[in-house]
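Just add 586 to wherever you are in the sequence shown, counting from 1, and you've got the numbering used here.
For each residue, glycine too, the CB sits at the ideal point set by N, CA and C.
Nothing here was measured: the structure is a model prediction, and the numbers come from that model.
What follows is a set of notes on a single structure, which appears directly below.
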Amino acid sequence: MDFSCLWSFKFGSSTEIIFLFVLNCRLGRLQDSNAVMSHFNEYSENCFAEVAGDFSRNTRLLKSMTLDLDYIFQKLRSMKAKILATYPDAFPDESTIEALDRRPDLEMPQ
Numbered sequence: 587m588d589f590s591c592l593w594s595f596k597f598g599s600s601t602e603i604i605f606l607f608v609l610n611c612r613l614g615r616l617q618d619s620n621a622v623m624s625h626f627n628e629y630s631e632n633c634f635a636e637v638a639g640d641f642s643r644n645t646r647l648l649k650s651m652t653l654d655l656d657y658i659f660q661k662l663r664s665m666k667a668k669i670l671a672t673y674p675d676a677f678p679d680e681s682t683i684e685a686l687d688r689r690p691d692l693e694m695p696q
């Protein structure tokens, strides 16, 4: 950094010199930070441009899969309702399910 401009002024006290020196140092740090952030923003913009197509394609795929799964579960609920209407004992109630299901609960720590 070039601080020669500071010495050309006539100051009333040494505290003014120190104050201006500190201000100039902070200004230099802020300019360096600004340059780093500008470079990072350019880099991020380039990276996003590279993957934006993948993001949009995968977003469309996920929306399509969601619609397909909604349709499948709607059909399953409809089929279950028809089976229950015809055969009321086709599906066990909650207490019977707990008695039949002997699988360990994987979400509970042992």
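Secondary structure of residue i, DSSP reduced to three states
i    : result
S642 : helix
D691 : coil
Y629 : helix
F605 : helix
S650 : helix
F677 : coil
S599 : coil
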